[in-house]
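Going by numbering that gives the first Met the number 0, the first residue of the sequence shown is number 0, and it counts up by one from there.
Backbone N, C-alpha and C fix where the C-beta goes; we use that ideal spot for every residue, glycine too.
Inspection log for the structure reproduced underneath, given as structure tokens.
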Amino acid sequence: MTDDELTAAQITALTASVDIDARPPETGPSALVLFGTNQAAPARIAADWFHRGLAPLIIATGGVNRHDGIVEGREFARQLDAAGVPASAVRVEDQSKDTWQNVELSLPYLREALAMGLPLVAVSKWYHLRAVHCLRTQLPQAVPLYAIGWEPVYAGTLVTRDNWPSSPDGRRRVMRETQEVPRRVTEGSYLPAVKKDGAWW
């Protein structure tokens, strides 16, 4: 598929369909769920929210990264420690191999957050719709769900909501979400998740 095959209207619609961003009200605390990656943005976001008194519990997920061999959950914990976040505020899941397992292997921590009355906030790449659906499917009681979407870097280029169609890495990843998530909802392996009133339901 070439850029010429997508109209401006189609690009706008596709971008909106995968954009996970639905930030919780900054009037009370939430539990942030950092979905596995080898990029540092999630830890920076979580440290900022913690120091503003908005994230008393941070759940860091991710096993061995297939590109560079780091253990994602542990690396998040190291970055959070370096940013002054105490270990008592951090839970680490370090065995997962994919997005589904990020949630599945973190379920004890996610349930801990819900028992504390904290809404869950997915912190993931802005187009990573699977993160929302995996939370929605495995913890159907955790609604409303919120999400903070960040812009990743691939091949030295920041993949944004504006430039993804011209970025080979960004285009491939965004188009994957637009196809895979609806397919999984249709086949029943994902529960539907709809963004309305500033949250995911």
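Assign residue i to buried or exposed, taking buried as 16 or more other Cβ atoms, counted over all protein chains shown, within 10 Å of its Cβ.
i	result
Val101	The sequence shown places Asn at residue 101, not Val. Asn101 comes out buried.
Leu79	buried
Pro41	buried
Ser123	buried
Pro85	exposed
Gly62	buried
His132	buried
Residue i lies in the beta strand (DSSP E); which residues open and close that run?
i	result
Arg90	89 to 91
How is residue i classed by DSSP in three states: helix, strand or coil?
i	result
Ile69	coil
Pro181	helix
Leu56	strand
Leu128	helix
Trp202	The requested residue 202 is not part of the displayed model; the chain covers only 0 to 200.
Using CA atoms only, rank isn't needed, just tell me which of the options is closest to residue i.
i	options	result
Pro139	Asp161, Met115, Arg110, Pro164	Arg110
Gly35	Tyr153, Ala46, Glu92, Glu25	Glu92
Met115	Cys133, Gln178, Ala88, Ile69	Ala88
For chain B, find out if any of its Cβ atoms is closer than 8 Å to the Cβ of residue i; answer yes or no.
i	result
Pro181	Here there is only one protein chain, and chain B is not present.
What residue does the alpha helix (DSSP H) around residue i start on, and which one ends it?
i	result
Tyr108	106 to 114
Leu33	No alpha helix (DSSP H) holds Leu33; the beta strand (DSSP E) holding it covers 30 to 33.
Trp48	40 to 50
Leu119	First-last for Leu119: 119 to 124, but that is the beta strand (DSSP E), not the alpha helix (DSSP H).
Ala7	7 to 17
Trp99	98 to 103
I'd like the list of long-range same chain contacts for residue i, defined as Cβ closer than 6 Å, with 5 residues on each side in sequence excluded.
i	result
Arg183	Tyr189
Quick one: residues in its chain with C-beta nearer than 7 Å to the C-beta of residue i, no 5 flanking neighbours on either side, listed in chain order?
i	result
Pro143	Pro118, Ala198, Trp199, Trp200
Glu103	Gln137
Are there any heavy atoms of the ligand MG lying less than 7 Å away from the beta-carbon of residue i, as far as the coordinates show?
i	result
Pro24	As far as ligands go, the structure on display features none, and thus does not contain the ligand MG.
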